[in-house]
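Remarks on the structure that follows.
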Amino acid sequence: MKKVLSLLMIIALLFSVAACSSDEKASSDGDSKKENVTISYASWSLGTEKEQNLERLMIKAFEEKYPNIKVKIDESINPTDWNGTLAAAASAGKMPDVFALPQIPTSLSNDWLMDLTKMTENDKDFANIPEAVRESATYNDKVYAVPFAQHFLGYLVNKDLFNEANLDYPEFGFSVEEYTKSIKEVTNINKGVAGTNHAFSVADWYPAAVNPDMGWYTLKDGQYALDSKEFIAGANLAKEITTNNYAYESLPDDLKANFKGENPEEVWMNGQVAVKWDGTWGVPALVEKGTFDFDFIGLPGGRTGVTNDFVGISKTSKHAEEAFLFSKWMSFGKEGFMKRMAIAEKEGKALNTLPVNADPEILDEYFAINEVPGIKTAYDNLDNAIVEPVKTVPGYVDARWEAPTGVKIGEEANAKIALLLDNVIKGNVKIEDYAKQLDQLADQKSKEANEALKDK
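According to mature numbering (1 follows the signal peptide of the UniProt record, and there is no 0), the residues represented by the sequence shown are -21 to -1, 1 to 435, in order.
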């Protein structure tokens, strides 16, 4: 009898185990059948459906990796009025789930952005983003944006033009004096050679190139120094380059007739500008279509300007986790960036961003396929880089461009800062007459913008 009972107990136990296994399988199957969702995405970098650029190919790869998530491109957000059309979408309750950010502070003050702190705090890939970049997306200890792409700002050099003129071309680490000498000596307007494309960015980078304690446009720790000798010297160097016809874009029309091209970019691609101010986003076109030997040489003083693109996730998104997963794939995620490089190599497309994630495997692969030596040199010297603050610093857009000065320039009774500085560089007014006023105005705009974000 006891043997019969034992046998029955064993059989019962086996059925119990089988039932548990069946339940576990059913649970597992249920987990794999995730809800199908659609997230919307707005960006100015998508090109057209016909072009199938790298961004669109990355979206397709994401949808293949995550078949339950469909990405719908929102084309209602207009690149010519990005913030305006975003505001209209927000008012209509039709904000895209994920959207590119011209300036984080603007979107934050408009209450468009979701707090991403909990999603990012334990994310290993997010931890591999350089600290300065992570901090630039953080306000009041909360993460509000995803670092999407990374670019360097600086100069590209057409080495052929210098070699043809029997001159030494500038290389990474060149000084301000070498920069000035190079563009002056290589310029030959009658033969259709301009030293540089324009000088309007000189005053922005010059202070940091000559003074390691200064940042972009003199900005350091929330304060400007536009009345400093460094900023004044930079503005006057820009004026010298412009008024002495060393820069193509400010040439009079009769001298531009010596060049081939309908616009400055065509003139550069035709090999008639020696040292071009640009970002590394301009490198893919050179790799694919350039007809001359070039390199990236950064900024004078061995410095490089760093600028990041960011995306935000709408505060009203109903699919926050999927939106974050997509944003990560397209930007700082290791798996996504490795896929980006594989697609670029397979499809013969130049990479359109530097790695945001500093994982060694990513960097090794990136620089194994990157064709511009100067970019590797710049990356190796990131400790000496300066960050362009336009997308991240509260009040910067006003401090650099938009704030009215009360100064009459031409027909403009109340010129904005941008117009005043442009006229300084064109030689119409003197920076010395307005430097103190500009400095006070910039500091005021910085203070106002930071106070407005205190409660965010």
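Glycine residues also receive a C-beta, built at the ideal position from the N, C-alpha and C atoms. Note that this is a predicted model, so its numbers are computed, not measured.
Counting of Cβ neighbours within 10 angstroms places Asp53 among the buried residues, the total reaching 16 or more. Nearest in C-alpha terms to Lys170, of all of Asn142, Leu234, Tyr123, is Leu234. A buried status is given to Glu34, since no fewer than 16 other beta-carbon atoms sit within 10 Å of its beta-carbon.
Gln129 places its beta carbon less than 8 Å from that of Val285. Sorting Glu340, Asp200, Glu150, Leu92 by C-alpha distance to the C-alpha of Pro368 places Asp200 at the top. For Trp256, DSSP records a beta bridge to Tyr134. Annotated three-state conformation of Pro126 is strand, per DSSP. Selection Leu417, Gly385, Ala253, Pro334 evaluated against Phe210 yields Leu417 as nearest (Cα-Cα). With a cutoff of 8 Å on beta-carbon distance, Phe78 and Val290 are scored as near each other. In this structure Phe131 touches Phe275 by the C-beta definition: roughly 7 Å separates them, less than 8 Å. Shortest Cα-Cα distance from Thr99 to any of Asp120, Ser88, Asn89 involves Asp120. In this structure, DSSP gives Val369 a state outside helix and strand, which the three-state scheme calls coil.
Looking only at Tyr225, Val372, Asn407, the smallest Cα-Cα distance to Lys163 is reached by Tyr225. Within the region 42 to 100, the complete alpha helix (DSSP H) runs of at least 4 residues fall at 61 to 70, 83 to 88, 96 to 99. For Gly315, the secondary structure class from DSSP, reduced to helix, strand or coil, is helix. DSSP places Gly213 in the uninterrupted alpha helix (DSSP H) bounded by 208 to 222. Counting C-beta pairs closer than 8 Å gives fewer than three between the region 63 to 71 and the region 31 to 50, which falls short of the contact rule. In the DSSP annotation of this structure, Asn429 is not part of any beta strand (DSSP E); the continuous alpha helix (DSSP H) holding it starts and ends at 414 to 431.
The DSSP-derived three-state label of Ala236 is coil. DSSP places Lys355 inside the alpha helix (DSSP H), whose first and last residues are 352 to 359. The C-beta separation of Gly240 from Thr270 comes to about 13 Å, leaving the pair out of contact by the 8 Å criterion.
Here the alpha carbon of Leu198 sits roughly 10 Å from the alpha carbon of Ala421.
The alpha-carbon separation between Val125 and Gly389 amounts to approximately 42 Å. In the DSSP assignment, Pro383 falls within the unbroken beta strand (DSSP E) covering 383 to 388.
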